[in-house]
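Below is one structure, written out as structure tokens, with a few remarks after it.
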Amino acid sequence: MRALKIIATVLFLGAIAYAESEGHGAAAGAHDEGHIPWEAIRNQAINVGILFAALIYLLRKSIPAVFVARKATYLEEAQKTEAALKLAEAELKDIKTRLAELEASETTSIAKAQKEAMISAEKLVSDSQAQGKKIVEDTSLIINAEVLKAKSQIREKIITQSMAITEQGLKATADAVTKKSESGFLQNLGQVKA
48 MRALKIIATV LFLGAIAYAE SEGHGAAAGA HDEGHIPWEA IRNQAINVGI
98 LFAALIYLLR KSIPAVFVAR KATYLEEAQK TEAALKLAEA ELKDIKTRLA
148 ELEASETTSI AKAQKEAMIS AEKLVSDSQA QGKKIVEDTS LIINAEVLKA
198 KSQIREKIIT QSMAITEQGL KATADAVTKK SESGFLQNLG QVKA
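If you count the sequence shown from 1, you need to add 47 to reach this note's numbering.
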């Protein structure tokens with residue numbers, strides 16, 4: 048791949064150099080209408096030939112290898128497909144055999160299925176009843192726990208409020224006693240001075 052890039056770069060630079068040369072372009076003047084630029088055609092043909100030779104040389108091993116690998120992959124996939132087809136045919140035959148057996152024993156299968164459905168229904172009903180009973184018991188326990196919790200919270204609130212009311216009453220009584228004591232002290236003091 049690197050060699051291909053180098054060759055392309057060399058060819059591209061050669062084309063640029065040729066285009067910039069004196070013999071080609073506006074500086075050389077107008078061309079004759081009947082003049083065929085054989086030298087330019089020869090140079091371009093040589094460049095194209097070198098490019099094709101380089102491509103053939105660089106890709107001569109990789110392209111056949113790609114096709115060989117592709118062929119091997121195709122053959123492998125074809126074998127897998129053939130094996131899968133044989134397996135599918137065997138499974139189809141087995142399914143047809145089972146279907147024939149099922150059709151032959153259809154009535155017994157229906158009776159068996161009905162019996163199993165009844166057993167399942169009875170079991171489902173008994174399980175539902177047991178589960179319902181458990182839910183009722185759990186709900187009862189939860190309700191009792193919530194009632195006890197509510198009672199405890201009510202007791203705490205009652206105690207807190209009663210303590211606050213008692214504290215206010217004590218303060219009022221203490222203030223009244225203090226005022227009464229002060230007035231009595233002042234009267235006693237007034238009598239002692241007189």
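Cβ coordinates follow ideal geometry from the N, Cα and C atoms, glycine included. None of the values given here were measured: they were computed from a predicted structure.
Review point. Looking at I54 and A101, is the spacing between their C-beta atoms short of 8 Å?
Key: Taking the sequence shown and counting its residues from 1, one reaches residue 101 at position 54. Taking the sequence shown and counting its residues from 1, one reaches residue 54 at position 7. Yes. Within cutoff.
Exercise for review: Using three-state DSSP, classify G227 as helix, strand or coil.
Suggested key: For the purposes of this step, residue 227 is taken as residue 180 along the sequence shown, with counting starting at 1. Sequence check: residue 227 is Lys here, not Gly. It is helical.
Practice item. Identify which residue in E86, N90, L132 has its Cα closest to the Cα of G61. Key: Along the sequence shown, read from residue 1 onward, the residue named residue 61 stands at position 14. Ranking E86, N90, L132 by Cα distance to G61 puts N90 first.
**Study point:** G96, enclosing alpha helix (DSSP H) - first and last residue
**Key:** Locating residue 96 in the sequence shown gives position 49, counting from the first residue. G96 -> alpha helix (DSSP H) spans 85-106.
Exercise for review: Ignore the nearest five residues each way along the sequence and tell me which others in K127's own chain have a CB closer than 7 Å to its CB.
Suggested key: Locating residue 127 in the sequence shown gives position 80, where the first residue counts as 1. No residues qualify anywhere along the chain.
Review point. What span of residues does the alpha helix (DSSP H) with S109 cover, start to end?
Key: For this step, residue 109 is matched to residue 62 along the sequence shown. From DSSP, the alpha helix (DSSP H) with S109 extends over 109-151.
Practice item. Tell whether a beta-carbon distance below 8 Å holds between S156 and L146. Key: Sequence index remark: in the sequence shown, residue 156 carries index 109 (1-based). Sequence index remark: in the sequence shown, residue 146 carries index 99 (1-based). In this structure, L146 does not lie closer than 8 Å to S156 by Cβ.
Check your understanding: Does the beta-carbon distance from L58 to L105 come in below 8 Å?
Key -> Here residue 58 is taken as the residue at index 11 of the sequence shown, counted from 1. Here residue 105 is taken as the residue at index 58 of the sequence shown, counted from 1. Not closer than 8 Å, so no.
Check your understanding: When the Cα atoms are used, what is the spatial distance from I250 to F114?
Key -> The requested residue 250 does not occur in the structure, where the chain is confined to residues 48 to 241.
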